[in-house]
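These notes are about the structure you will find just below.
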Amino acid sequence: MQLKREAGWYKDTIIYQVHVRTFFDSNGDGIGDFQGLAQKLDYLQDLGVDAIWLMPFFPSPLRDDGYDISDYRAVHPRYGTLEDFKSFLSVAHERGLSVIIELVANHTSDQHPWFQESRSSQQNPKRDWYVWSDTDTRYRGTRIIFLDTEMSNWAWDPISKSYYWHRFFSHQPDLNFDNPAVREEMWQVMKFWLDLGVDGFRLDAVPYLIEREGTNCENLPETHEIIRWLRKRVDDEFPGTMLLAEANQWPADLRPYFGNGDEFHMAFHFPLMPRMFMGLRLEDRKPITEILQQTPDIPSTCQWAIFLRNHDELTLEMVTDIERDYMYDIYATDKSMRLNLGIRRRLAPLLDNDRRRIELMTGMLMSLPGTPIIYYGDEIGMGDNIHLGDRNGVRTPMQWSGGSNGGFSTADPEILYSPLISNPLYGYQAVNVQSQKRFDHSLLSWMKQIIRVRRSTPVFGSGSIEFLYPANHRVLAYVRKLGKETVLVVNNLSSAAQAVELDLKQYKGNILIEMFGKNIFPRIGDLPYLLTMGPYQFYWFRLRRI
Amino acid sequence: MAEEVLLNDEFLRQLMNVGEVDIVVGLPTYNNAKTIEPVVRAIQAGILKCFPRERVVIIGADGGSQDGTRDLVTGISIDDVWRASKVYALRTLPVVTTEYGHGPEHRLALRTILSAADLLRARACVVISPDSTTIEADWLQHLVQPIYKEDFDLVAPVYRRQKFAGLLMRNLLYPMTRAVYGSGIREPYASEFAISGRLATDFLGNEDWNGDGARSGPEIFVTIMAITGKYKVCQSFLGVKPAQDRSSDLVEAMRRTVGPLFSSLDGKFGYWSSVTSCQQVPAFGPQSEVTLEPLTVDLARIREMFVTGVGELDAVFKSVLTESTLADLRRIAALDLSSFRYPAEMWAKTVFEFAASYHKSVISRDHIVQALVPLYRGRALTFLLENQEASAEEVERSVESLCGEFERLKPYLLEVWGERK
Numbered sequence: 122m123q124l125k126r127e128a129g130w131y132k133d134t135i136i137y138q139v140h141v142r143t144f145f146d147s148n149g150d151g152i153g154d155f156q157g158l159a160q161k162l163d164y165l166q167d168l169g170v171d172a173i174w175l176m177p178f179f180p181s182p183l184r185d186d187g188y189d190i191s192d193y194r195a196v197h198p199r200y201g202t203l204e205d206f207k208s209f210l211s212v213a214h215e216r217g218l219s220v221i222i223e224l225v226a227n228h229t230s231d232q233h234p235w236f237q238e239s240r241s242s243q244q245n246p247k248r249d250w251y252v253w254s255d256t257d258t259r260y261r262g263t264r265i266i267f268l269d270t271e272m273s274n275w276a277w278d279p280i281s282k283s284y285y286w287h288r289f290f291s292h293q294p295d296l297n298f299d300n301p302a303v304r305e306e307m308w309q310v311m312k313f314w315l316d317l318g319v320d321g322f323r324l325d326a327v328p329y330l331i332e333r334e335g336t337n338c339e340n341l342p343e344t345h346e347i348i349r350w351l352r353k354r355v356d357d358e359f360p361g362t363m364l365l366a367e368a369n370q371w372p373a374d375l376r377p378y379f380g381n382g383d384e385f386h387m388a389f390h391f392p393l394m395p396r397m398f399m400g401l402r403l404e405d406r407k408p409i410t411e412i413l414q415q416t417p418d419i420p421s422t423c424q425w426a427i428f429l430r431n432h433d434e435l436t437l438e439m440v441t442d443i444e445r446d447y448m449y450d451i452y453a454t455d456k457s458m459r460l461n462l463g464i465r466r467r468l469a470p471l472l473d474n475d476r477r478r479i480e481l482m483t484g485m486l487m488s489l490p491g492t493p494i495i496y497y498g499d500e501i502g503m504g505d506n507i508h509l510g511d512r513n514g515v516r517t518p519m520q521w522s523g524g525s526n527g528g529f530s531t532a533d534p535e536i537l538y539s540p541l542i543s544n545p546l547y548g549y550q551a552v553n554v555q556s557q558k559r560f561d562h563s564l565l566s567w568m569k570q571i572i573r574v575r576r577s578t579p580v581f582g583s584g585s586i587e588f589l590y591p592a593n594h595r596v597l598a599y600v601r602k603l604g605k606e607t608v609l610v611v612n613n614l615s616s617a618a619q620a621v622e623l624d625l626k627q628y629k630g631n632i633l634i635e636m637f638g639k640n641i642f643p644r645i646g647d648l649p650y651l652l653t654m655g656p657y658q659f660y661w662f663r664l665r666r667i
Numbered sequence: 200m201a202e203e204v205l206l207n208d209e210f211l212r213q214l215m216n217v218g219e220v221d222i223v224v225g226l227p228t229y230n231n232a233k234t235i236e237p238v239v240r241a242i243q244a245g246i247l248k249c250f251p252r253e254r255v256v257i258i259g260a261d262g263g264s265q266d267g268t269r270d271l272v273t274g275i276s277i278d279d280v281w282r283a284s285k286v287y288a289l290r291t292l293p294v295v296t297t298e299y300g301h302g303p304e305h306r307l308a309l310r311t312i313l314s315a316a317d318l319l320r321a322r323a324c325v326v327i328s329p330d331s332t333t334i335e336a337d338w339l340q341h342l343v344q345p346i347y348k349e350d351f352d353l354v355a356p357v358y359r360r361q362k363f364a365g366l367l368m369r370n371l372l373y374p375m376t377r378a379v380y381g382s383g384i385r386e387p388y389a390s391e392f393a394i395s396g397r398l399a400t401d402f403l404g405n406e407d408w409n410g411d412g413a414r415s416g417p418e419i420f421v422t423i424m425a426i427t428g429k430y431k432v433c434q435s436f437l438g439v440k441p442a443q444d445r446s447s448d449l450v451e452a453m454r455r456t457v458g459p460l461f462s463s464l465d466g467k468f469g470y471w472s473s474v475t476s477c478q479q480v481p482a483f484g485p486q487s488e489v490t491l492e493p494l495t496v497d498l499a500r501i502r503e504m505f506v507t508g509v510g511e512l513d514a515v516f517k518s519v520l521t522e523s524t525l526a527d528l529r530r531i532a533a534l535d536l537s538s539f540r541y542p543a544e545m546w547a548k549t550v551f552e553f554a555a556s557y558h559k560s561v562i563s564r565d566h567i568v569q570a571l572v573p574l575y576r577g578r579a580l581t582f583l584l585e586n587q588e589a590s591a592e593e594v595e596r597s598v599e600s601l602c603g604e605f606e607r608l609k610p611y612l613l614e615v616w617g618e619r620k
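Taken in sequence, the protein lines are chains X and A. Just so you know, we're using the numbering used here here: the first sequence kicks off at 122 and counts up by one. Just so you know, we're using the numbering used here here: the second sequence kicks off at 200 and counts up by one.
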């Protein structure tokens, strides 16, 4: 059974992203599992989030951290059993937590039985389940995504002596969505999990489902047809299910993924995230306001998913060259921090572990239009390990305590799936849930507070946004409105104190109530409203006409 | 900082919003509506191209324009520039303007710009003339880079000039500054230059700021302060400088340049009197560049103005010049155009005697500067005649030779400086 929630529940939700492997090991084998995750749901409930987004947990050779699936209808034995999953789902729902899982539809592992059959002979019934070619010259206008590892989107298969298409790693052959049997099978996969009660799917790599000669093979109309078809089946049979698109595209190219409210419910706003980091370092609101100005309106039932960090590198695909160079120079001074077109670091190290900057960035995340997603461990300021390969440096075990293995596992440290962060600054001895629970002023406590304040009003999830453009460009200010509720948000992006005059004359007569301390600020009059702000300070004010 | 209140509240509010910056680009404007647009666009393009990461503000210090100059400065959108140049702006580029008074006054304009740079803690402050229509995006880089990369305090420009343009610079300001202060800055009185935040702050705090020299020619005052204050000085090649309007008032030009130069000698005697050689100034790009396009000049008219001046100002010259110089002057005033020559040695002596008289205030200092105008015309005529067919190298040699005369005769300046008239 799915969690019963109001229509559009995903708009007023705070999502917590976690990989089951990383969270808590219940059986002492060094790997997090579903029983462990279920045991920690109280923690997530206490944090105040409403939904959990689970990264792939399906059987897989794990050459891409589970995004190379070899069986869509089971749980990887390392993480438990299907029964464990069901049990976890039930406990999550009891706590009012929705569960969103991954649907890696674009490709499978080359170890998936479908691919094994497909490559076995050109006459095999599953031959057309993947994209095969006698040459590697088709679809030449298609970019290569993993530039650091792949030379081509085609790979030679010595068994069937032909090339297969892959947009990601060569061990991840793309499924052929032109084949109706593939589409139907993918729906059956979704139905399998929906029958168990999952509340939503994050569809991985959606722009790449279809290939056409003479195009860049991204965002094609046929891809949208498939999405609309899946959406209709979801709506017909499992109303209330949320579909979230992973499409790392410019806002104008993302807009079609919402369709007329008949494709995805949500889509990640990828270009916003690097610009938040950029605006902070430039001490200038321009990158943020500019990208949000370029962001088209979306249907009222739809929502952006916004985030600061996730399991991947901080992607710099959707920035200009000059912006990318700047980001690299500022946030990835050590070249080993760079991966593909991005930066493989966590939130706290990116922000030099500066609590003020972490709070400001989180404040913006929680108040800009969209549903915020918190990456596990960022709520306590976990660090990363750039000496681990690929993106594994941001996927280290959750730090629960200062004890053995950071409280993550009772296994010998040598057999943990990944070493814990153990340096003096970010190590589990210094940064962990247990210690932060003890202090009201810890980052964790502060996170609980801001989540609570955000949840005190639907205006952040569903309200409109109107930017104010005070002459002081170091200040990012906007008004969020929903019905009679109006909230003013003012962020000082600067490392220095700032004075700012806000043109609030259309709200003349209102008083401002600061939403964290509930203190009253002076009534808005005829003159520009003067605020002085400390370094990296932000305010959320509820406007009231009293 | 001097105690005089200069920046009005509205301007301060604008600066408050701008906040700390790396570079201030100042435009001292007054009724520049006809030329200001390409200048601002070139500055914006230069910022996008060369300083995309730096915090930059453009400040228009306006003398009360009636032609909408201020609105033009603030109205030029950088979006157009970055679309045209295909270079993306990382940052907001604030443009602010203020009216410092009702009428143009270089000193107040410069002081407004430098005060803003000081308040905003700029590392570099660039001043660009609002009528430099030949400005290119690279100018900004050439002016700022030496401060940014090599820690210079003053970056003076070097322009590509037509061989008969900039005559006052070549025949008086450059040779005199070089001989007296021992610094080979080609354009000691420049309408474009850049200074470090350190020099800007020190300059504002200098008590001489309110003196006659700074009042009438603050730009040259900056140059001299940089030279004598042991700041790091260099020059940077910019490109073509538009020829000045020949109808512009030469008397006014000399008041703004020669007057402050003479005036500076009073307070800096201890410095310049001990200078015995010229120091090479580091240069980025060519140290000079001369072009040879033809220029039509009415030589007979210039001679006529010289002769008339010598005749009418004889009484003044008796107070200013030595008898032998005056006699030589009368002699060359009698020469016809074909044989007219105002020799370099005599010109150097003339200028030094004027400088000494200015020091002693034998008559009104302003009258002294004005009286030099016809004589300068005579020297300019000589330069034109001597270089009519000259190549660029020959023109440069001619300027170098004149500088040599000024340097050789520097003891003469010291001699007349101390004499009682």
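Ideal placement from N, C-alpha and C gives every residue a C-beta, glycine not left out. Quantities reported herein were computed from a predicted structural model and do not represent experimental measurements.
Inter-residue CB distance, P656 of chain X and N613 of chain X (contact presumed, cutoff 8 angstroms): 7 angstroms
Short-range partners of chain A found in the segment 437-463 of chain X, where Cβ spacing is below 7 angstroms: Within the segment 437-463 of chain X, the residues whose Cβ lies closer than 7 angstroms to some Cβ of chain A are T441, I443, E444, Y447, listed in chain order.
Simplified DSSP state of T333 of chain A, which is helix, strand or coil: Coil, per DSSP.
Buried versus exposed call for A618 of chain X [16 or more other C-beta atoms within 10 Å across all chains shown]: Exposed is the call here.
Cross-chain neighbours of Y289 of chain A in chain X, by beta carbon under 8 angstroms: One detail in the question is off: residue 289 of chain A reads as Leu in this sequence, not Tyr. Under the 8 angstroms cutoff, chain X gives M399, L403, D405, K407, P408, I443, E444, Y447.
The alpha helix (DSSP H) enclosing I419 of chain A, as first and last residue numbers: 417-427
Test item: CB-CB of R414 of chain A and I501 of chain A under 7 angstroms: no
Cβ contact (3+ pairs, closer than 8 angstroms) linking the segment 264-281 of chain A and the segment 350-361 of chain A: no
DSSP three-state assignment for M176 of chain X, whether helix, strand or coil: coil
Stretch pair the segment 489-496 of chain X + the segment 552-563 of chain X: three plus CB contacts closer than 8 angstroms: no
N593 of chain X: contacting residues in chain A (beta-carbon distance under 9 angstroms): M215, N216, V217, G218
Which listed residue (X:E622, X:D205, X:F529) has its alpha carbon closest to that of G151 of chain X: X:F529
A469 of chain X to Y164 of chain X span [Cα, whole Å]: Approximately 21 angstroms, taken between the alpha carbons.
Selected residue, minimal CA-CA separation from P545 of chain X, among X:I536, X:D505, X:R512: X:D505
Among A:M545, A:T581, A:D330, A:A526, the one whose alpha carbon lies nearest that of F539 of chain A: For F539 of chain A, the nearest C-alpha among the options comes from A:T581.
Cβ-based burial, E606 of chain A [other Cβ within 10 Å; buried from 16]: buried
Inter-stretch contact at 8 angstroms, needing at least 3 Cβ pairs: the segment 527-534 of chain A / the segment 502-511 of chain A: Three or more pairs of CB atoms, one per stretch, sit closer than 8 angstroms, so the segment 527-534 of chain A contacts the segment 502-511 of chain A.
Residues of the segment 245-262 of chain A with Cβ closer than 7 angstroms to any Cβ of chain B, in chain order: Among the chains of the structure shown, chain B does not appear; the protein chains present are X and A.
Three-state secondary structure assigned by DSSP to N370 of chain A: helix
Contacts around S254 of chain X, its chain only, beta-carbon distance under 8 angstroms, and the 5 residues preceding and following it disregarded: W275, S283, Y284, Y285, W286
Residue range of the alpha helix (DSSP H) that includes T344 of chain X: 342-358
Neighbouring residues, chain A, relative to A620 of chain X (Cβ below 7 angstroms): M215
Candidates A:T495, A:L528, A:Y541, of which the one nearest G510 of chain A by Cα: A:L528
Meets three-Cβ-pair contact criterion under 8 angstroms: the segment 151-162 of chain X and the segment 384-402 of chain X: no
Sequence-distant residues of its chain with Cβ nearer than 8 angstroms to Q478 of chain A (five each side left out): G381, S382, G383
Same chain, Cβ closer than 6 angstroms to F313 of chain X, five either side skipped, listed in chain order: Here F313 of chain X has R194 as same chain residues with Cβ atoms under 6 angstroms from its own Cβ, once five neighbours each way along the sequence are excluded.
At least 3 beta-carbon pairs within less than 8 angstroms: the segment 400-409 of chain X vs the segment 331-342 of chain X: no
Residues near Q550 of chain X by beta carbon distance below 7 angstroms, same chain, minus five either side: G523
Pairwise C-alpha distance: A620 of chain X and Y137 of chain X: 35 angstroms
C602 of chain A versus G365 of chain A: straight-line alpha-carbon distance, rounded: Their Cα atoms are separated by approximately 15 angstroms.
Cβ neighbours of D383 of chain X in the same chain (closer than 8 angstroms, five flanking residues each side left out): Answer for D383 of chain X: R349, R352, K353, listed in chain order.
Complete alpha helix (DSSP H) runs within the segment 219-292 of chain X (minimum length 4 residues, chain order): 234-241
C324 of chain A in three-state terms, based on DSSP: Here C324 of chain A sits in strand by DSSP.
Endpoints, beta strand (DSSP E) assigned at C433 of chain A: 432-439 is the extent of the beta strand (DSSP E) around C433 of chain A.
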